[in-house]
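Notes to accompany the following structure.
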Amino acid sequence: MALSRRTGQRFQASIWPGFVDAMTGLLLVLMFLLTIFMVVQFVLRETISGQESQLDELAAEVGALADALGLEERANSQLQARLGALSATLGTTQGALETAEADLAAARGEISDFEAQVAQLLLQQQDANATIRDLTAERAALQAAQSDLEGERDALSQALAASRDEIDAQTEAARLAAAKREALEALVADLEGQASEASAAASQLEAELTDAEAARLAEAAAAEALRNRLKTADAELTAMTLALEEQRQAAEDTLTLLAAAETAKEQLDAQLADVLDALDVAKVANADRDALAERLTRVLAQLETAQINADSQVAALQAELEQLRESRDAATSELENTATEQAETEQRLLEALSQLEQANAAAADREVLQQRLLAALTEGEERAAETADLASLAEQRAALLAQARESLSTEQAVSEEAQRQTALLNQQVAALREQLGGLQALLDDYKARDAAQSVQMQNLGQDLNAALARAAAEERRRRLLEESERKRLEAEAEQLSSKAQDLEQYRSEFFGRLRDVLGNQEGVRIEGDRFVFASEVLFAPGSADLSPVGRAEIGKVAGILQAVAAAIPPEINWIIRVDGHTDDTPLGIHPKFADNWELSQGRALSVVRYMVQALGIPPERLSANGFGEYQPVNPAQTAAARAQNRRIELKFTER
89 MALSRRTGQR FQASIWPGFV DAMTGLLLVL MFLLTIFMVV QFVLRETISG
139 QESQLDELAA EVGALADALG LEERANSQLQ ARLGALSATL GTTQGALETA
189 EADLAAARGE ISDFEAQVAQ LLLQQQDANA TIRDLTAERA ALQAAQSDLE
239 GERDALSQAL AASRDEIDAQ TEAARLAAAK REALEALVAD LEGQASEASA
289 AASQLEAELT DAEAARLAEA AAAEALRNRL KTADAELTAM TLALEEQRQA
339 AEDTLTLLAA AETAKEQLDA QLADVLDALD VAKVANADRD ALAERLTRVL
389 AQLETAQINA DSQVAALQAE LEQLRESRDA ATSELENTAT EQAETEQRLL
439 EALSQLEQAN AAAADREVLQ QRLLAALTEG EERAAETADL ASLAEQRAAL
489 LAQARESLST EQAVSEEAQR QTALLNQQVA ALREQLGGLQ ALLDDYKARD
539 AAQSVQMQNL GQDLNAALAR AAAEERRRRL LEESERKRLE AEAEQLSSKA
589 QDLEQYRSEF FGRLRDVLGN QEGVRIEGDR FVFASEVLFA PGSADLSPVG
639 RAEIGKVAGI LQAVAAAIPP EINWIIRVDG HTDDTPLGIH PKFADNWELS
689 QGRALSVVRY MVQALGIPPE RLSANGFGEY QPVNPAQTAA ARAQNRRIEL
739 KFTER
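In our numbering, the protein residues as written are 89 to 743.
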């Protein structure tokens, strides 16, 4: 029993140290493994936290890219809207230009028609002037022929008178009287029908020819009756008959010429009427031309307005195109920056994936830590999935950026097209401006010819009338002001004169009473409008205190002043001015006053205060002044002169 106990104890003693060693080794291995696990876990935690921060940064960058892409999309939409507005504005401008071109073409057509009408009217006027000159020449020729015929008629009348005298001398008056009377009556009856058909212009000539014909027929009858008796005068009568026949033929030719002249005159009058009608038509055409010029002026004004609007629209289009170019450049730079950032993001994603692959490889090598790192790996896979999603999102962003680049290229093409259209529009506007300049020059020429002088005369007349009216109004206003100012000055002068007279009256009364009271007292005198007291009467030498005698004298003055002041009207603003004067003798040792000037002021002030405080004179009616030695009445350096200079003056005056 004891042996077995010892054997068991020996066995137990031999087993325990090995167990302790085994447990110690196991603990060491476990601690080593735990240390490795902690280190690996720390490394993986740092790696995962770094990846999370990188993924957060990538997510922030992707969000920024998304925001930038959204901004680019909004900018793109704004650019498209602006491009549409510019296209609409360009279309409107083109429509306005087409309308302006149509109006310009119509105006050119009207101008060409008007020029053709003017040229036709000028030709008609030239033809009418030529016709008038021809008719005037024909009329002058007819008048000359008429004057020649009148001369021939006068010559025939003289010849008939001479023939009548010769026949009367050769025939017997008694026997021919009855035959002549009968022949003349028959001839007058025949000629009355002919005279009714003759023209008014040849009535006098026809009457003379009728007389000649009657005389000829009478003479023929008398010759037939006396043929047997006057056979010796047959030759003379035959010659006279031939002469009378020639004269009759000449008279008929004259009547024919007169009728032709009347016909030509009527034709000339008709042509003149036609010319006047043509002139009226020309005046109407001129009026139409003026109306057309006014209408063209309005059209040109509208075209100028449209041109100004087109210029402003072109300037706005150019400014918007410049803004589009700047926006395009900014978008291009932003896209380039976005592409660079996308490449950097892809590089960072590749680095993260490589790090994840390295982490996965490290986890595969350590199968012991697989279960404990499962959660971390799952989270890493989720991060990888998110990274893959981010990669797909980045690819989508890249696709959107590619679309944005295409849109920008399209907008750039549209902008270039807009620039080309703008250049074409500028060329059209320049051509239109040249055409408008030509039309404006033409219209200015017409206006300068037709309306410059009349408008200038009207303007000058209006300006002259306005200037005359202004001058007359200014003259009337100036006269009224001068009259009112003159009346005011006269009233003021009259008022001042009356006040001065009243003041002079009361001053005379005041000084008169003072003269009656103090006139014979020594040391008191009246000089003009001032009442002068010698200083010795009122003050002791070197003192400014009134002496009893001085108070009595001032009391007399105050009593008279109060009596006179009661009668002075309130509108007269009177005062008593008290002036103190000294001589030039310096003051003694330790004087009360600094100098003579201060002494003169003190003496005047003493008089004023005594009159106010003791005698009841209102202070607003008094004034104290000191002049020292600087206003002497006698500049001599003698005792008498110095005594005259030491004085107190009272002056009754107006404020």
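Built from N, CA and C at the ideal position, the CB exists for glycine as well.
query, result
"Reference Asn684, options Leu577, Glu186 and Pro720, closest by Cα", "Pro720"
"Residue burial classification, Leu122 (beta-carbon count within 10 angstroms, cutoff 16)", "exposed"
"Span separating the alpha-carbon of Gln214 from that of Leu223", "14 Å"
"CA nearest to the CA of Lys739, picked from Ala727, Val666 and Glu570", "Val666"
"Where Ala628 sits in the DSSP three-state scheme", "coil"
"Residues that DSSP places opposite Arg735 in a beta bridge", "Ala622 and His669"
"Supposed contact pair Ala646 and Ile705 - C-beta distance, whole angstroms, cut 8 Å", "6 Å"
"Thr726 classed as buried or exposed, judged by whether at least 16 other C-beta atoms fall within 10 angstroms", "exposed"
"Beta-carbon gap between Gly668 and Ala692 smaller than 8 Å", "yes"
"Arg709 to Ala651 span [Cα, whole Å]", "14 Å"
"Local conformation of Asn722 per DSSP, three classes", "coil"
"Rounded distance between the beta-carbons of Ala731 and Ala622, thought under 8 Å", "7 Å"
"Which of helix, strand or coil DSSP assigns to Ser200", "helix"
"Ala632 and Ser694 closer than 8 Å at C-beta", "yes"
"Residues of its chain near Pro636, where Cβ-Cβ distance is below 8 Å and the 5 sequence neighbours each way are ignored", "none"
"Supposed contact pair Gly638 and Val625 - C-beta distance, whole angstroms, cut 8 Å", "6 Å"
"Glu714 in three-state terms, based on DSSP", "According to the sequence provided, residue 714 is Gly. The question's Glu does not apply to it. Strand, per DSSP."
"Presumed contact (8 Å Cβ cut-off) between Ile642 and Leu649, rounded CB distance", "Their Cβ separation, rounded to whole angstroms, is 10 Å, which puts Ile642 and Leu649 out of contact at 8 Å."
"Per-residue DSSP class, three states only, for Ile660", "coil"
"DSSP-derived helix/strand/coil call for Ile760", "Outside the shown range of the chain, which is 89 to 743, sits residue 760, and nothing can be said about it."
"Where Thr670 falls, given that 16 or more other Cβ within 10 Å makes a residue buried", "buried"
"Straight-line Cα distance separating Asp144 from Pro105", "57 Å"
"Assigned secondary structure, Gly106 (DSSP; H/G/I helix, E/B strand, else coil)", "helix"
"Helix, strand or coil at Phe740 according to DSSP, with G and I counted as helix", "strand"
"Beta-bridge pairing of Leu634 - partner residues as DSSP gives them", "Phe627"
"Ile663 beta carbon less than 8 Å from that of Ser711", "yes"
"Bounding residues of the alpha helix (DSSP H) (the contiguous stretch that carries Leu687)", "Asn684 to Gln701"
"Spatial neighbours of Phe715 in its chain, beta-carbon cut-off 8 Å, leaving aside the 5 residues before and after", "Asp667, Gly668, His669, Trp685 and Ser688"
"Beta-carbon proximity check, Pro82 vs Gly630, cutoff 8 Å", "Residue numbering for the chain in the displayed model covers 89 to 743; residue 82 lies beyond these limits and cannot be assessed."
"Buried or exposed by the 16-neighbour rule on C-beta atoms within 10 Å, applied to Ile396", "exposed"
"Euclidean distance between Cα positions of Asp191 and Ala163", "41 Å"
"Coarse secondary structure for Leu577, derived from DSSP in three states", "helix"
"Per-residue DSSP class, three states only, for Ala654", "coil"
"Simplified DSSP assignment, three categories, for Leu675", "coil"
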